[in-house]
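Counting from 1, position 935 in the sequence shown corresponds to residue 1492 in our numbering; the numbering is continuous, with no gaps.
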Amino acid sequence: MKIRGKFLGFILALISITSLVSAATITFDSSNSIAAWIDGFAFSNSCGAFSYNGNHGGDTYPNPESSFATNILVSDGSCNVYRIPHWTLMKVTSSLTTASKAELYVSTTKQADNLKVCGAAASWVNPVSWNTRPGKVSTQSTNLKKCFSFTSLGNNRYKADITELYNQWADNPSENYGFFIFISSLVPLDGSDYTYITASADAAHDGTGVGWITHQNYEDHLDSYTKVYTGYAADSGKRPVIETTPSSCTPSCSGKECGDDGCGGSCGTCNIGYTCQSNQCVDESIPPAPSLCAGGDSQLIMKLSSTTNAHGEIYSSTNYNIGICYDAIFGSVYTGANPHTCSGTNLVLKLSSTTNAHAEIPSLTNYNTNVCYGNLVCTLRDSCQSGETLVASLSSNTNAHLSSTSSYPAKICCSTSGTTPPSGRFWANMAGTSITSADLGDTVKMIWLNTGLSQGTSVSFEIYEDDILIDDAIRTGASAITSAVNSNGDAIAYWTITQADLAKTSSDYSSFYFKVGNQNSNNLEVQETTRNSPPQVQITSPSPNQLFKKNSPVQFNYSVYDEDDSVTINIAFGDGQTQALTNLNGTVQHSYPTSGIKTASITATDSRGLSATKYIDVFIIKQYLNIFPVISDPDENEQLASKTVSFDASDSFAVYCSLEEVNTCTLINPSSLTFSWIFSDSTTATGNQPTKTFSSSGKKTANLTVKFTNSSVSGQISKVRTFLIGGCNGLSPGECSINGKSYCNDAEELLDTSNSGEACAGYDGEIGTDDDCCPAGSSCTEDGCTGGDDEECFYLSNCGSYLNEDDCEADICNLGEFGIGTDVCNSLLTGYYVSGCACSWNDNEESCALSYSAQHQTTHTTFSCDKTFEETPCVNAQKTVTWTAISSDPLISEDDLKILGCVNEEEIYPCGEYSLTLDFTSSLSILAFISLIIIFYIFKHKQQKITTRKVIK
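Structure below.
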């Protein structure tokens, strides 16, 4: 097969596969040489080189007015070969003039990310018939060579503005000008197949045409069309498939001016007088900006736009000046090499892009920019455990804002001690993150990486608890847990920690390990307390207010996370159809045969019975008027603390569709809609954001009707929202809280069980019976719950009593709920509803503060308040407590702030120390027991030294 050299170079110049492969990138610049136009690719016979083939021979090239087969094969410097099977030709003509707008429309089989069109305009020498070949590219051409991105029109249809490329050709009517266009979907969807273009769509975007470029003439503004011809893969007309052999490293120079591309390559060098610092060229005459971290830029994990409500960026971007620093968080400088390289166990979180990014927790797969650091092992928690430190908090599991404090619920807790042992055997949570601690009732993973065994080989995991003399056998022999080697050569088994397992030890739960393949794992500390939270569910598509036709596929993208339990997942599509889901992160499709609003839901239930459900509305159109009532607050089946409920239906909308096609629908002015509500107690309201106060707790409903009327069409649609009002912050009358510190009486008053016998006596009102409500280990008396492990809590009065961040965040004494300054919590005061009272650590003051928020029920104005405390020593059974309050909104009046408790105050409180006097015999017993422990430790320590000497010999 013979190919004209200059034409071959021209074809190469049209190709851009910026994200198609992970081994290299093709870019365009102003040069005509192949080497400059094709960056990072080698075309030599030793690699199989470059080839172009089609149904032609000699100098005869394919006729664009008929279907033809063509493949373009390229290879990178590592001889990885890529087939580019789809490209499009623009027919050459000299009859068009400069356009004010030239747009290209295409449709794809699936959602396409980073869809691009690339092309070049060039003059032709010796133009000939299309049935032979379209001439040679002028060697003197310096015309436009450029790529343009498509924007989505919905329903897998896309539009690209190529006016600049089009006019480069049209501006030269005296010459024969033309351009080629290459279109490609550049991002793999699920790791195995790629979106590809099956046909272009006509200007009406209905997917029926073979494809057009539209342009509007400057002079008469009349639409005219020029046909685009589509090439097909050499597989008898079947849809083209992109085949890749990706390398193990993905080079990236995004946002980088110089330095390493992440795979040993270069992102360029700086001009004389500039030096490369953090992948940016910096003027040597300008003193370098001080590092955001005391230990230098190597300690920088990532950057934030502010301390809270922030966007994030990777460590090397230069837009933000709030640093999250390893040395500041962990109190020491990390000295390991390449701390930002992802090792598989040091993922902190994920970002939506390299800067100006939202974040998500490390176990989800919606974002591709990983933030990794050094030897960190990070876990999502409600509050950080012993040995962990907060690195950042997220406002939600995905699409989240960030904070460098603990102000958001999704806390990224990290430790430096949980790195994978050299043996490749380690404990992990259900997300696969290495861990060193777990709770009773948790399910954990036992992982053996790179076993060297064939797939399917049975492997036995034996669990022990490390003791000084003889290790306790927990799950061994016939009780050992077995697993099979997977396709990656790894073995993974699961252990659900039971009380029976802990009973096999001597109340020592700090050093569990498993043995597999004659080697031990790292140690796992098990807490005897049982803590469990419901799974977390996210639905990321379809998009809000996205419209669908009847019987067309609706794609649901979802993710489920539970770090310490196995889960079962089910989706209900809202039309009576359900389906079990097997993957924690995935996609499922469903079609609806009827129009209207469908409320789909995904429910995840953990192995201990806790469940969570996420709801999403799906909008299916019919011809003519469509009304879609949407209630965004409260959520379906949401449990509310307050009897005063704010409703929000402002996202409701209506569209008029001239045909039963999405692209014929026009949005009706939202102000033309009317809203009427009927509540479960038969009261009514109007408007899209009413507020209603219910007289009792329990299950409630709100029936919303949205109506539209004009001179030619009218209609109305109703939607019912069900929710729960839980008396006493979720407790029903007569119910004791799980921790035994709160009791809800018949009047739905939340009582502190440490204050009185009435509070802790339970439903029957009698002290000393089985229904008493007290923390474990304490008992109900006339003065309230006394004794037990929580005795010290009775002598702490406010959040400021906690002296470190871990105790503050844990708040085991519930000072954020019942301590000094919480009397305003969960109350409606001067029009504001106060909620969210909790102890939170103030990094600036290095103290524990009481934080809460308030929202005005009419104006929806919100503000937050932080109180820090100081107290005098206890003198004559009294102490003075002073608190300083800071409001986030300076416009709130001083009178309102006083009512809402957000002012500086001081009060005198009773105090005293708790003491326990041992009699003489008890004291001697304790001293004797301590002496015995010391003697045993010395004996064991010497024995270990003797054993060590023997081993050395």
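Every residue, glycine too, gets a C-beta built ideally from N, C-alpha and C.
Proximity winner among the options, relative to residue i (alpha-carbon distances)
| i | options | result |
| --- | --- | --- |
| Ser1455 | Pro1430, Leu1386, Asn895 | According to the sequence shown, residue 1455 is Lys rather than Ser. The residue with the shortest Cα to Cα distance from Lys1455 is Leu1386. |
| Asn895 | Thr1240, Asp996, Leu857 | Leu857 |
| Thr865 | Ser900, Leu959, Phe887 | Leu959 |
| Asp854 | Gly869, Ser873, Cys1365 | Ser873 |
| Thr826 | Cys815, Glu1120, Tyr1172, Val928 | Cys815 |
| Asp1545 | Cys929, Ser952, Val1381, Ser1239 | Because the chain spans 558 through 1510 in this model, residue 1545 falls outside it and cannot be assessed. |
| Gly931 | Met859, Thr1429, Gly1255 | Met859 |
| Ile1031 | Tyr1070, Gln1012, Asp996 | Tyr1070 |
| Asn956 | Ala1041, Tyr1115, Cys1214 | Tyr1115 |
Residue i, enclosing beta strand (DSSP E) - first and last residue
| i | result |
| --- | --- |
| Ala1161 | 1153–1163 |
| Cys833 | 831–834 |
| Ile858 | 857–861 |
| Leu951 | 946–951 |
| Phe1236 | 1231–1236 |
| Lys1257 | 1255–1266 |
| Gly869 | 869–871 |
Pairwise C-alpha distance: residue j and residue i
| i | j | result |
| --- | --- | --- |
| Thr1279 | Glu1195 | 8 Å |
| Asp1029 | Ile1020 | 9 Å |
| Asp1452 | Ile1282 | 30 Å |
| Leu906 | Ala916 | 7 Å |
| Val1212 | Thr1156 | 18 Å |
| Ser963 | Cys850 | 20 Å |
| Ser1289 | Ser1158 | 27 Å |
| Arg982 | Ile879 | 37 Å |
| Cys971 | Ala949 | 9 Å |
| Gly975 | Cys935 | Residue placement at Gly975 is flagged as unreliable, the pLDDT there being 47, under the threshold of 50; a coordinate-derived value is accordingly withheld. |
| Glu1463 | Asp1122 | 46 Å |
| Asn1102 | Asp1205 | 16 Å |
| Pro1227 | Trp1234 | 17 Å |
| Thr1241 | Phe1251 | 12 Å |
| Pro1099 | Lys1107 | 15 Å |
| Ile1465 | Phe1426 | 13 Å |
| Asn828 | Gln834 | 13 Å |
| Cys1331 | Ala1442 | 32 Å |
| Ala867 | Leu861 | 6 Å |
| Tyr775 | Lys716 | With a pLDDT of 23 at Tyr775, under the threshold of 50, the predicted position of this residue should be treated as unreliable, and no value is reported. |
| Ser1404 | Thr1053 | 38 Å |
| Leu1059 | Asn903 | 30 Å |
| Asn1383 | Thr1201 | 11 Å |
| Ser1299 | Leu1308 | 6 Å |
Bounding residues of the alpha helix (DSSP H) (the contiguous stretch that carries residue i)
| i | result |
| --- | --- |
| Cys1337 | Segment 1336–1338 is the beta strand (DSSP E) holding Cys1337; no alpha helix (DSSP H) there. |
| Asp1208 | Taken as a continuous stretch (DSSP letters only), Asp1208 belongs to no alpha helix (DSSP H), as it is neither H nor E. |
| Ala1057 | 1056–1059 |
| Leu1454 | 1451–1456 |
| Glu1362 | 1362–1367 |
| Phe1130 | Per DSSP, Phe1130 belongs to no alpha helix (DSSP H) and is neither H nor E. |
7 Å CB neighbourhood of residue i in its chain, flanking five on each side removed
| i | result |
| --- | --- |
| Ser809 | Asp818, Gly819 |
| Leu1138 | Ile1126, Asn1127, Ile1128, Val1145 |
| Thr911 | Ser811, Gly812, Glu870, Ile871, Ser874, Thr926 |
| Arg1165 | Gly998, Asn1089, Asp1122 |
Cβ-based neighbour list, residue i, same chain, cut-off 8 Å, excluding 5 preceding and 5 following
| i | result |
| --- | --- |
| Ser1444 | Phe1420, Ser1421, Cys1422, Leu1454, Cys1459 |
| Ile1154 | Asp1174, Val1175, Phe1176, Ile1177, Phe1185, Pro1186, Val1187, Ile1274, Lys1276 |
| Asp884 | Cys850, Ala851, Gly852, Gln856, Val890, Tyr891 |
| Ile1324 | Gly1314, Cys1317, Ala1318, Cys1337, Thr1338, Glu1339 |
Close-in-space but distant-in-sequence residues of the same chain around residue i (CB under 6 Å, 5 per side omitted)
| i | result |
| --- | --- |
| Tyr1320 | Gly1291, Asp1328 |
| Gly1046 | Asn1007, Thr1008 |
| Thr1170 | Ser1158, Thr1160 |
| Val1270 | Leu1182 |
| Thr990 | Thr936 |
| Glu1512 | Outside the displayed range of the chain (558 to 1510) lies residue 1512, so it cannot be described from this structure. |
| Leu921 | Thr955, Ser1116 |
| Glu1082 | Ser994, Ser1067 |
Task: Minimum length 3: unbroken beta strand (DSSP E) runs contained in the segment 1074–1106 - done: Considered as a whole, the segment 1074–1106 harbours 1082–1084, 1093–1098 as its complete beta strand (DSSP E) runs of no fewer than 3 residues, in chain order.
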